[in-house]
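Asks:
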Amino acid sequence: MIAAPQAVESPLTRAAIFIVVTVKPDEAALETVRKVCGGMASLIRAVGFRNPDAQLSCVMGIGANLWDRLGQPNRPQGLHPFRAIHGVYDAPSTRGDILLHIRAQRVDYCFEMAMQVMRQLGEAVELQDETAGFKYFDNRDLLGFVDGTENPAGQDLDAAVVIGDEDPDFAGGAYVITQKYMHDLAKWNALPVETQERIIGRHKLSDIEFPDDKKAPYAHNVLTNIDDAEGRQLQILRDNMPFGSPSRGEFGTYFIGYACEPGRIERMLDNMFIGDPPGTYDRILDVSTAVTGNLFFVPSADLLEALGDGPGDVPDNSGNGGADDDNAPARSRDGSLGIGSLKGGN
Ligand code: HEM
73 MIAAPQAVES PLTRAAIFIV VTVKPDEAAL ETVRKVCGGM ASLIRAVGFR NPDAQLSCVM
133 GIGANLWDRL GQPNRPQGLH PFRAIHGVYD APSTRGDILL HIRAQRVDYC FEMAMQVMRQ
193 LGEAVELQDE TAGFKYFDNR DLLGFVDGTE NPAGQDLDAA VVIGDEDPDF AGGAYVITQK
253 YMHDLAKWNA LPVETQERII GRHKLSDIEF PDDKKAPYAH NVLTNIDDAE GRQLQILRDN
313 MPFGSPSRGE FGTYFIGYAC EPGRIERMLD NMFIGDPPGT YDRILDVSTA VTGNLFFVPS
373 ADLLEALGDG PGDVPDNSGN GGADDDNAPA RSRDGSLGIG SLKGGN
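So the number in my numbering is just where the residue sits in the sequence shown, counting from 1, plus 72.
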């Protein structure tokens with residue numbers, strides 16, 4: 073049986089917090105990170121169980137450099153640092169060892185989870201970026217278009233996102249690429265809606281897709297719609313979130329894309345930034361600047377827990393993700409949750 077994935081496929085939520093940290097160079101920092109990996113399932117249960125309607129989830133991704141430091145016997149086939157792109161526009165590669173993708177229907181659950189996990193990571197890590205995202209009206213990005221419509225569902229979703237037999241030691245895992253984009257909203261809003269629609273390849277109000285023969289060659293949904301050698305579409309799972317600060321004039325989209333292999337997301341990025349053919353680039357980039365770029369491996373829930381036991385442990389492919397863990401830092405020995413002001417542990 074394939075190991076249980078982390079909550080990569082959890083439903084799109086109203087709120088999210090994205091945290092990217094680097095891990096300090098010492099062995100004690102690595103030990104702390106291992107403990108957090110081992111106790112993550114327990115911590116999510118502790119924070120989220122009080123209100124299942126909140127649909128709290130937290131996906132933990134691990135970057136290539138940290139993976140090598142963790143002393144595991146082998147490396148997931150597709151894991152490497154994010155490759156910067158220098159095309160018509162630049163996609164930078166920025167520092168990041170751990171991604172925490174925290175989602176919930178309520179901001180307070182995201183906040184509590186972020187607070188608890190950061191408290192556990194403590195001095196072991198240095199913050200690179202924290203972005204709090206929100207859903208904007210009917211799942212729109214700040215450019216005003218509905219974002220996420222063409223995400224795969226059901227079996228297509230599993231096939232797109234979860235690593236299978238092609239890399240058996242890491243079955244149940246996934247890859248994730250994140251990029252934080254800042255928008256020049258004044259420039260975008262100055263464009264006629266018809267021009268915006270040609271850039272996205274969909275109608276703005278209704279979200280109806282343009283017929284293929286009416287799409288511009290540079291439309292976002294032309295450049296990101298890619299096939300394999302047999303003509304089958306290569307899909308990814310996106311859970312982009314708007315973020316921003318109106319008083320500072322900051323408006324953005326946090327792009328997050330999951331896939332069973334990172335190459336397809338990298339191809340989409342090449343198409344957007346370099347163009348397909350080169351020069352036919354994505355006009356979203358005329359008003360959007362990528363300021364971060366990271367690639368992480370998302371271990372299965374079982375492997376994440378096994379990382380808590382130290383170097384060289386083989387993943388448990390039994391599918392028993394989330395089994396109780398005596399070392400879980402979130403649950404104190406007396407069985408209380410050990411969270412919030414009741415324990416005074418913050
Ligand atoms: C500023 C950043 C971005 C914005 C505002 C944005 C917005 C959108 C919107 C509005 C759609 C149409 C609705 C939908 O199907 O979701 C879409 C589709 C899509 N986007 Fe993006 N996107 C961004 C970046 C990216 C990046 C970096 C990638 C991949 C590397 C990507 C991949 C896709 C894919 C695969 C689709 C579905 C295309 C199809 O098959 O129709 N997007 N995006």
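Beta carbons are placed, not taken as given, at the ideal position from N, Cα and C, and that holds for glycine.
All values reported here derive from a predicted model rather than from experimental measurement.
Sorry if obvious, but does the Cβ on residue 325 come closer than 7 angstroms to a heavy atom of the ligand HEM?
Replies: For the ligand HEM, at least one heavy atom lies less than 7 angstroms from the Cβ of residue 325.
Asks: Opposite residue 130 in the DSSP bridges: which residues?
Replies: In the DSSP output, where bridge partners are listed per residue, residue 130 has 174.
Asks: Hey, would you say the C-beta of residue 447 is under 7 angstroms away from at least one heavy atom of the ligand HEM?
Replies: Lying before the first or after the last residue shown, residue 447 is absent from the chain, which here runs from 73 to 418.
Asks: For a minimum of 4 consecutive residues, which ranges assigned as the alpha helix (DSSP H) are wholly contained in the region 82-165?
Replies: Segments of the alpha helix (DSSP H) lying fully in the region 82-165: 99-120 and 136-141.
Asks: Taking the straight line between their C-alpha atoms, what separation do you get for residue 316 and residue 252?
Replies: Near 11 angstroms, if we compare the C-alpha coordinates of residue 252 and residue 316.
Asks: Assuming contact is defined by CB atoms lying nearer than 8 angstroms, are residue 314 and residue 325 in contact in what I supplied?
Replies: Going by C-beta atoms, residue 314 is nearer than 8 angstroms to residue 325.
Asks: Determine the burial state of residue 226: buried for a count of at least 16 other Cβ atoms within 10 Å of its Cβ, exposed for fewer.
Replies: With fewer than 16 other Cβ atoms within 10 Å, it is exposed.
Asks: Does DSSP classify residue 368 as helix, strand or coil?
Replies: If DSSP states are grouped into helix, strand and coil, residue 368 belongs with the strands.
Asks: Please tell me whether residue 95 and residue 101 are closer than 8 angstroms, where the distance is taken between their beta carbons.
Replies: Yes, they are a contact pair.
Asks: Going by DSSP, what residue range makes up the beta strand (DSSP E) through residue 207?
Replies: Looking at the DSSP string, residue 207 is not in any beta strand (DSSP E), and its letter there is neither H nor E.
Asks: Shortest alpha-carbon distance to residue 291 belongs to which of 352, 209, 221 and 245?
Replies: Minimum Cα distance to residue 291 is reached at 352.
Asks: Classify residue 167 as helix, strand or coil using the three-state DSSP reduction.
Replies: Coil at residue 167, not helix or strand.
Asks: Given this structure, state the Cα-to-Cα distance separating residue 228 from residue 173, to the nearest angstrom.
Replies: Cα to Cα, residue 228 sits roughly 22 angstroms from residue 173.
Asks: Do the region 345-361 and the region 153-167 touch if we need at least three Cβ pairs shorter than 8 angstroms?
Replies: Contact holds: three or more Cβ-Cβ distances are below 8 angstroms.
Asks: Could you tell me whether any non-hydrogen atom of the ligand HEM is closer than 7 angstroms to the CB of residue 308?
Replies: Checking the Cβ of residue 308 against the ligand HEM gives yes.
Asks: Can you list, in chain order, the stretches of the beta strand (DSSP E) that have 3 or more residues and sit fully within the region 172-260?
Replies: Complete beta strand (DSSP E) runs here, min 3: 197-206 and 246-255.
Asks: Cβ of residue 219 versus every heavy atom of the ligand HEM: is any distance shorter than 7 angstroms?
Replies: Yes, Cβ of residue 219 sits closer than 7 angstroms to a heavy atom of the ligand HEM.
Asks: By DSSP, does residue 374 sit in helix, in strand, or in coil?
Replies: In the structure shown, residue 374 sits in a helix (DSSP, three-state: H, G or I).
Asks: Quick check on this structure: which residue in 277, 217 and 243 has the alpha carbon closest to the alpha carbon of residue 257?
Replies: It is 217.
Asks: Residue 274: buried (16+ other C-beta within 10 angstroms of its C-beta) or exposed?
Replies: Buried: at least 16 other Cβ atoms inside 10 Å.
Asks: Hey, how far is the Cα of residue 280 from the Cα of residue 268?
Replies: For residue 280 and residue 268, the distance between alpha carbons rounds to 14 angstroms.
Asks: For residue 327, which three-state DSSP category applies?
Replies: In this structure, residue 327 counts as strand in the three-state DSSP scheme.
Asks: Name the residue from 154, 138, 215 and 99 whose alpha carbon lies nearest to the alpha carbon of residue 356.
Replies: Here the closest residue by C-alpha is 215.
Asks: Going by the C-beta, is residue 158 closer than 7 angstroms to any heavy atom of the ligand HEM?
Replies: No; taking the cut-off as 7 angstroms, the Cβ of residue 158 has no heavy atom of the ligand HEM nearer than that.
Asks: On the three-state DSSP scale, how would you describe residue 304?
Replies: Looking at residue 304 - three-state DSSP - the assignment turns out to be coil, as it is neither helix nor strand.
Asks: Can you tell me the Cα-Cα spacing of residue 283 and residue 266, whole angstroms?
Replies: Distance between the alpha carbons of residue 283 and residue 266: 15 angstroms.
Asks: For residue 391, count neighbouring Cβ atoms within 10 angstroms of its own Cβ and tell me buried if that reaches 16, exposed if not.
Replies: Summary for residue 391: the model assigns pLDDT 42, below 50, so the residue's position carries little reliability, and this model does not support an answer.
Asks: DSSP puts residue 322 in a beta bridge; with which residues?
Replies: Bridge partners of residue 322: 317.
Asks: Do you know how far the Cα of residue 341 is from the Cα of residue 143?
Replies: Their backbone Cα atoms lie some 31 angstroms apart in a straight line.
Asks: Would you give the residue range spanned by the beta strand (DSSP E) that residue 361 belongs to?
Replies: Start and end: 360-362.
Asks: Report the CB separation of residue 76 from residue 374 in whole angstroms; it is logged as a contact under 8 angstroms.
Replies: Yes, they are in contact, since the Cβ atoms of residue 76 and residue 374 sit about 6 angstroms apart, within 8 angstroms.
Asks: State the beta-bridge partners of residue 69 as determined by DSSP.
Replies: Absent from the structure is residue 69, since the part of the chain shown begins at 73 and ends at 418.
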